Amino acid sequence: MIPSLREKCGVFGVFAPGEDVARLTFFGLHTLQHRGQESAGIATSDGDHLYVYAEMGLVAQVFHERRLAGLPGRAAIGHTRYSTTGSSVRVNAQPFVVEGKDGPLAIAHNGNVVNAQLLREDLEARGIAFTTSTDTEVLAQILVAGPGETFDDRIATMMRRASGAYCLTLLTRDAVYAVRDPLGIRPLCIGRLNGHGYVFASETCALDHLGAEFIRDVEPGEVVRLDAEGLSSSFPLAPDGAPREQLCLFEYIYFSRPDSYLGGQRLHPVRMRMGARLQREHPVDADIVIGVPDSATAAAIGYAQEAGIPYAEGLVKNRYVGRTFIQPDQRLREQGVLLKFNPLREVLEGQRVVVVDDSIVRGTTTPRIVAMLRRAGAREVHVRITSPPITHPCFYGVDMATRGELIGAHKSVDEIREHSDADTLGYLSLEGTILATQAGPDRHCTACFSGRYPSDVPLELDKLVLEADATRDRHAVPAAPRRVPVRV
Ligand code: SF4
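In our numbering, the protein residues as written are 312 to 799.
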């Protein structure tokens, strides 16, 4: 398919006695579908038992009325997955359930734990067996079998040992937890349902669709517990492991939905400001400004307004091109961009076009878009990117590419322009990107643009590092038993 940045995962949690928590979770996950399209799952608790169903596919493909009816309870967590550690196979779908000293635990994870292999080796040396190839199961095993008398002690142990990015929702018989790593690399927020309970979600847009009121973000390094007593909070690592927020800058640029809030900022205007700054940094004489839909639309509008050039829709996106289930033949794969976008000749013909996109990763999509615009009659094509060149890989839950595959790591801006056959090319500066967030300095992870990682990272972390066998085909579906609603 079209190489691009791959979203990470979406997590959700709800504690709402008397509500249909499985259905609330279904709608929450549906809103977070953009964060992961490979698998979806829901786990519920009725106070005595946990029930779970997780399967490959989109949320609406995995769940229907009968499946939701098989997930009773007053509390639930949910997950949409794009694999960042572990293959895209059914057995790795989340949430999954582990049995521990205090009963069953279901876990859903967004992020990537960079020292998962070391942690796993340590657990295996103590006789703990693993059933999946994910870093999430490593966290789960520490939570149920690690040192610590109480569950709260073991959460603290996990937070002390795990390095990297993790936003977790956890489900026990009695409670739902949200846990955010001390760097706060991935977003996680809390909302209140109309007097009937609380929800956790990766993004605020999920709260809006449920009619829940946004309360606040889960703070970096914070553990929030929801139970029959209400909401309680703790910071297990304080004061030694003082939190230092390093929210992923790409959440602002691309990953999160434009109607979500991050750090108190609605993302649509943030992206418009990025476009306006981009115009000031890289102006050009042109007739129209178009965006590569949908993620660059707001930035294109911002660029057009700042330039005083009309904004137009020059590309129509097929929103139903999925990643996992559509395997185009070789001819279509080579022309992948044709599956996703269709140019409007009536808009483009004879025009000097500014096309705004959010990023260039491997450099395979941009030349195809430029060629597509030229074939549709564009007289000039000026590419503008609302992020700096990507020069380093991400170890925190974004599957972008290895360093060797990143065009920004090996070619100058002018070489990338030439490679793309664009008339001109301009990237937004890192300073301009950060200023557009209005979040203040030193609040973001910028590692893929700057090489400054906020934590220690291994030099070459392979997302399949925890695979037990040689199977490395991300589309492989092993003969694992089908997950069915189970009582544990
Ligand atoms: S390396 Fe880039 S994509 Fe990964 S968390 Fe940091 S800013 Fe986000």
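Note that the Cβ used here is the ideal one computed from N, Cα and C, for glycine as well. Quantities reported herein were computed from a predicted structural model and do not represent experimental measurements.
8 Å contact criterion, which residue i and residue j should meet: CB distance rounded
i	j	result
Gly586	Ala549	Contact doesn't hold; Cβ gap of about 39 Å is too wide.
Gly339	Ala517	5 Å
Gly352	Pro406	5 Å
Leu650	Pro699	About 28 Å; that fails the 8 Å criterion.
Gly762	Thr713	So it is not a contact: roughly 14 Å between Cβ atoms.
Thr677	Val694	6 Å
Ala618	Val600	7 Å
Asn426	Ala476	Between Ala476 and Asn426 the Cβ distance is about 12 Å, and since that is not below 8 Å, they are no contact.
Tyr364	Arg378	6 Å
Glu432	Ala404	The pair is not a contact, with the Cβ atoms about 24 Å apart (cut-off 8 Å).
beta-carbon residue i near the ligand SF4 non-hydrogen atom, thresh 7 Å
i	result
Val709	yes
Asp496	Going by the sequence as given, residue 496 is Ile instead of Asp. Result yes, Cβ under 7 Å from the ligand SF4.
Gly759	The sequence shown places Cys at residue 759, not Gly. At least one heavy atom of the ligand SF4 is nearer than 7 Å to the Cβ of Cys759, so yes.
Cys478	no
Cys320	no
Leu560	yes
Cys756	yes
Cys500	no
Cys516	no
Exposure label - residue i; buried when at least 16 CB within 10 Å
i	result
Ser571	buried
Pro328	exposed
His375	exposed
Phe326	buried
Glu349	buried
Arg437	exposed
Thr782	Residue placement at Thr782 cannot be trusted, given a pLDDT of 35 that sits under 50; what the coordinates show is reported in the next sentence. Result: exposed.
Ser723	exposed
Asp773	For Asp773, the predicted model reports a pLDDT of 47, less than 50, meaning its position is unreliable; a value from the coordinates is still stated below. Flag for Asp773 reads exposed.
Gly574	buried
Val322	buried
His390	buried
Gln557	buried
Asn629	exposed
Asp753	exposed
Ser543	exposed
Ala523	buried
Thr442	exposed
Arg401	buried
Pro493	buried
Ala597	buried
His721	exposed
Arg591	exposed
Residue span of the beta strand (DSSP E) that contains residue i, given as start and end
i	result
His730	From DSSP, His730 is part of no beta strand (DSSP E) but of the alpha helix (DSSP H) over 724-731.
Leu504	500-504
Ile601	599-602
Phe326	321-326
Gly410	The sequence shown places Glu at residue 410, not Gly. Glu410 -> beta strand (DSSP E) spans 407-411.
Cys800	Outside the modelled stretch of the chain, which goes from 312 to 799, sits residue 800, for which no answer is possible.
Ser698	Note, Ser698: premise wrong, no beta strand (DSSP E); not H, not E.
Glu524	524-528
Ile353	350-356
Pro654	652-654
Arg663	663-668
Gly422	414-424
Met711	No beta strand (DSSP E) contains Met711, which DSSP labels as neither H nor E.
Residue range of the alpha helix (DSSP H) that includes residue i
i	result
His520	515-521
Ile745	741-748
Ser766	Neither: Ser766 is in no alpha helix (DSSP H) and is coded neither H nor E.
Pro580	578-592
Phe566	No alpha helix (DSSP H) contains Phe566, which DSSP labels as neither H nor E.
Thr391	Careful: Thr391 lies outside any alpha helix (DSSP H), inside the beta strand (DSSP E) at 386-392.
Glu624	Glu624 -> no alpha helix (DSSP H), and no H or E assigned at all.
Glu435	427-436
Glu376	376-380
Met470	462-472
Ala549	From DSSP, Ala549 is part of no alpha helix (DSSP H); its letter is neither H nor E.
Ala512	Element bounds for Ala512: not the alpha helix (DSSP H) but the beta strand (DSSP E), 508-512.
> Is the segment 563-578 touching the segment 664-675 in the sense that three or more CB pairs, one from each, lie closer than 8 Å?
Replying inline: They touch, by the three-pair rule.
>> Whether or not the segment 472-481 and the segment 500-510 are in contact is what I'm after, with contact meaning three or more pairs of Cβ atoms, one per stretch, closer than 8 Å; do they touch?
In response: Taking a cut-off of 8 Å on C-beta distances, the segment 500-510 does not touch the segment 472-481, as fewer than three cross pairs fall below it.
> Hey, is the segment 653-663 in contact with the segment 612-627, meaning 3+ C-beta pairs nearer than 8 Å?
Replying inline: Contact between the segment 653-663 and the segment 612-627 is present, because at least three Cβ pairs lie under 8 Å.
>> Can you confirm whether the segment 443-462 touches the segment 681-697 when touching is taken to mean that 3 or more C-beta pairs between the two stretches lie within less than 8 Å?
In response: The answer is no - the segment 443-462 does not touch the segment 681-697, with fewer than three Cβ pairs under 8 Å.
> When the Cβ atoms of the segment 439-452 are set against those of the segment 492-505, are three or more pairs found closer than 8 Å?
Replying inline: Contact between the segment 439-452 and the segment 492-505 is absent, with fewer than three C-beta pairs closer than 8 Å.
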